[in-house]
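Contents: one structure, followed by commentary.
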Amino acid sequence: MQPNPYSPPESVVLATPARRSPRPISAWLLLTLLTLMGIALAVGIAQEIFLLAPYVRQIPGQWSILLGLGFRLAILGVILIVSAGIFKARRWGRWLGLLVLALLAVTSLFGHDTTTYDSEAERAGGLLAQFVLMPSLIAWWAYAFGFSAKAKRYFGQQGDLAVMGA
797 MQPNPYSPPE SVVLATPARR SPRPISAWLL LTLLTLMGIA LAVGIAQEIF LLAPYVRQIP
857 GQWSILLGLG FRLAILGVIL IVSAGIFKAR RWGRWLGLLV LALLAVTSLF GHDTTTYDSE
917 AERAGGLLAQ FVLMPSLIAW WAYAFGFSAK AKRYFGQQGD LAVMGA
């Protein structure tokens, strides 16, 4: 019996490059937030370096200033790493992004509120926004970023080539 020349091959075949799923809007929003935070932090670090560099030897607590500067540089590095992980759709980028959203929620809940209100109605509205509205919106954002179908598709991609027949 002759083999059929039109039958598909028996071996595993690499398909054409798989179409990448689009980045979810929640990932774009988090990337925008991280970019703005990174730019603001970098500008602050640059200002501090240019203002204090000529006088750093004359300041009595120079090591505490340098330690604070190093801490801010480390935070900037973490922001860059998280942004790169989210942008490149890495699985660890998804979890670090969720950690950033959790830190944002904790900061909004337990941050010191210095707002002055004119009446008790305004104060009640502010407390409602701080303890109910903001955590609910951040929880919704975290769900859309890490656990929605679009996010699972985006962060679940394995490389550029799909393997067929395996």
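According to the working numbering, the sequence shown is numbered sequentially starting from 797. Backbone N, C-alpha and C define an ideal beta-carbon position, used for all residues, glycine too. Since we're looking at a predicted model, the values are computed, not measured.
Burial state of residue i, where buried means 16 or more other Cβ atoms lie within 10 Å
i	result
residue 890	buried
residue 941	buried
residue 950	buried
residue 873	exposed
residue 896	buried
residue 882	buried
residue 923	exposed
residue 822	buried
residue 830	buried
Alpha helix (DSSP H) segment containing residue i, residue limits
i	result
residue 881	858 to 883
residue 833	821 to 848
residue 951	945 to 951
residue 915	Premise fails: residue 915 is in no alpha helix (DSSP H) and is neither H nor E.
residue 963	The question about residue 963 has no answer here: the residues shown for the chain are numbered 797 through 962.
residue 931	930 to 942
Residue i to residue j span [Cα, whole Å]
i	j	result
residue 856	residue 862	12 Å
residue 893	residue 878	7 Å
residue 851	residue 845	10 Å
residue 836	residue 807	54 Å
residue 913	residue 854	43 Å
residue 898	residue 938	8 Å
residue 900	residue 804	53 Å
residue 955	residue 935	Here residue 955 scores only 47 on pLDDT, less than 50, and its place in the model should not be relied on; the value that follows carries that caveat. Cα-Cα distance, rounded: 29 Å.
residue 827	residue 953	19 Å
residue 847	residue 902	33 Å
residue 962	residue 943	With a pLDDT of only 42 at residue 962, under the threshold of 50, the placement of this residue in the model should not be trusted, and no figure is reported.
residue 843	residue 832	17 Å
residue 825	residue 915	34 Å
residue 928	residue 910	18 Å
8 Å Cβ cutoff met for residue i and residue j
i	j	result
residue 947	residue 820	yes
residue 815	residue 841	no
Chain C within 8 Å of residue i, Cβ atoms only
i	result
residue 805	Looking at the structure shown, chain C is missing, and only one protein chain is on hand.
Touch test, the segment 864 to 884 against the segment 901 to 914, Cβ-Cβ under 8 Å, three pairs minimum = no
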